[in-house]
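Residue numbers (the UniProt record's numbering): 1 to 389.
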């Protein structure tokens with residue numbers, strides 16, 4: 001007899017809860033109006049119902065057919081588990097990449113500051129000409145020592161400049177890696193959801209056939225009731241899953257801008273690579289808590305304030321080299337809104353709009369993320385944007 005005859009209710013509950021867990025972590029945070037949500041839920045329910053009917057007809061009526069179907073269901077669930085494990089592994093790699101990016105941004109910040117100080121010093125204390133050297137030197141040895149000292153300064157400046165350039169390249173590489181990892185996570189998460197749906201279809205079809213078999217046999221009323229109860233539980237879980245998905249789906253899809261399956265913003269097709277890097281870096285810290293001054297002493301932080309989080313995201317694309325407060329953002333870049341990226345700043349607050357998505361700490365309290373497509377009034381803010389973006 002197939003193993004399905006002893007399927008406990010907790011197996012169905014565990015499968016449904018696993019589906020809910022995937023939905024909660026990987027479904028798009030797509031906010032639709034009520035009519036759209038209902039239509040989307042009804043469409044998915046109809047598709048699953050049709051698939052169940054096809055699967056039920058395909059199974060046949062024999063125990064051997066059900067045994068093969070159960071084996072297929074086991075393979076589907078095992079494949080979904082493997083893909084889900086890959087999603088978790090990629091999540092760990094994303095977290096590790098974020099740490100590396102934070103360290104590199106800090107290194108770039110230190111190198112840029114050192115270079116800035118040396119350049120200011122060189123401007124305020126220009127290198128003396130040959131005549132000045134000769135007049136100031138007490139003897140020939142003093143002349144040689146002074147000249148060697150200036151050469152050491154020049155060599156040190158060259159090393160700092162090389163370090164700054166190298167670090168910028170490394171920051172760019174890690175930001176690109178972050179973009180690619182998030183794309184991989186989104187693709188795998190969508191595959192997991194499709195496999196979970198396939199498992200749900202197969203499981204329901206097996207239960208339907210099993211119920212018909214038991215109905216035709218004598219003395220199976222109790223078993224039939226148990227199977228029917230399992231089917232009822234499964235349908236209840238499906239309804240609750242659909243309701244949960246509708247609550248999760250709250251961010252609108254506007255102008256072709258999508259959301260990845262981690263509820264994170266992604267750029268529209270054709271956007272420059274810098275936009276993708278800013279959004280990927282923003283995704284990496286979008287859910288971290290708010291802390292006044294967070295992200296200013298160091299790019300590496302466990303919490304960020306408004307301008308600290310903006311600085312971190314922009315630094316991933318090389319658009320800033322140091323954390324900036326909201327006040328300095330009022331004169332950063334070029335005046336006015338940009339095509340893809342706009343920072344709105346005043347003396348007390350700053351937020352950023354990237355390709356139609358607002359990146360703002362004030363959104364944390366409602367959605368648990370800094371990203372939202374709900375815009376706010378820009379009255380009282382100065383709009384600035386990076387050149388070309």
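Glycine included, every Cβ here is placed at the ideal spot set by N, Cα and C.
How close, in whole Å, do the beta carbons of residue 106 and residue 299 come, if the pair is a contact with beta carbons under 8 Å?
Contact between residue 106 and residue 299 holds, since their C-beta atoms are separated by about 5 Å, short of 8 Å.
Taking contact to mean 3 or more Cβ pairs, one atom from each stretch, closer than 8 Å, check whether the segment 339-347 and the segment 290-298 are in contact.
In short, these stretches do not touch, since the Cβ pair count stays below three.
Measure the alpha-carbon distance for residue 185 versus residue 339 and round it to whole angstroms.
Between residue 185 and residue 339, the C-alpha separation is close to 28 Å.
Quick one: residues in its chain with C-beta nearer than 6 Å to the C-beta of residue 391, no 5 flanking neighbours on either side, listed in chain order?
This structure gives no information on residue 391, because the portion of the chain shown stretches from 1 to 389.
Please report the distance separating the alpha-carbon of residue 332 from that of residue 325.
In this structure, the alpha-carbon of residue 332 lies about 11 Å from that of residue 325.
Evaluate the contact criterion for the segment 303-318 versus the segment 357-371: three or more CB pairs, one atom per stretch, below 8 Å.
The segment 303-318 makes contact with the segment 357-371: 3 or more CB pairs, one atom from each, lie closer than 8 Å.
Among 323, 321, 278, which one has its Cα closest to the Cα of residue 354?
Nearest option by C-alpha distance: 278.
Indicate whether residue 73 and residue 202 have their beta-carbon atoms separated by less than 8 Å.
Their beta carbons are under 8 Å apart, which means residue 73 touches residue 202 by this criterion.
Can you look up residue 369 in the DSSP assignment and give me helix, strand or coil?
The answer is coil: DSSP assigns residue 369 none of H, G, I, E or B.
Sorted by chain position, which residues of the same chain lie with C-beta nearer than 6 Å to residue 303's C-beta, five sequence neighbours on each side aside?
Excluding its 5 nearest sequence neighbours in each direction, residue 303 has C-beta neighbours in its own chain below 6 Å: 288, 289, 291, 294, listed in chain order.
Alpha-carbon to alpha-carbon, residue 379 and residue 165:
Going from the Cα of residue 165 to the Cα of residue 379 covers about 38 Å.
Once the 5 residues before and after residue 167 are set aside, which same chain residues still bring their CB inside 7 Å of it?
104, 107, 108, 111, listed in sequence order.
Alpha carbon to alpha carbon, how far is residue 351 from residue 176?
The alpha-carbon atoms of residue 351 and residue 176 are separated by roughly 23 Å.
Can you give me the C-alpha to C-alpha distance between residue 317 and residue 116, rounded to a whole angstrom?
For residue 317 and residue 116, the distance between alpha carbons rounds to 20 Å.
Just verifying my parser: in three-state terms, what is the DSSP assignment at residue 359?
When DSSP states are grouped into helix, strand and coil, residue 359 belongs to the strand group.
To the nearest angstrom, how far is the alpha carbon of residue 207 from that of residue 195?
Residue 207 and residue 195 have their alpha carbons spaced roughly 18 Å apart.
In whole angstroms, what separates the C-alpha of residue 90 from that of residue 381?
Using only the alpha carbons, I get a separation of about 38 Å.
Candidates 313, 305, 388: closest to residue 364 by CA position
Of 313, 305, 388, the residue nearest in Cα terms is 305.
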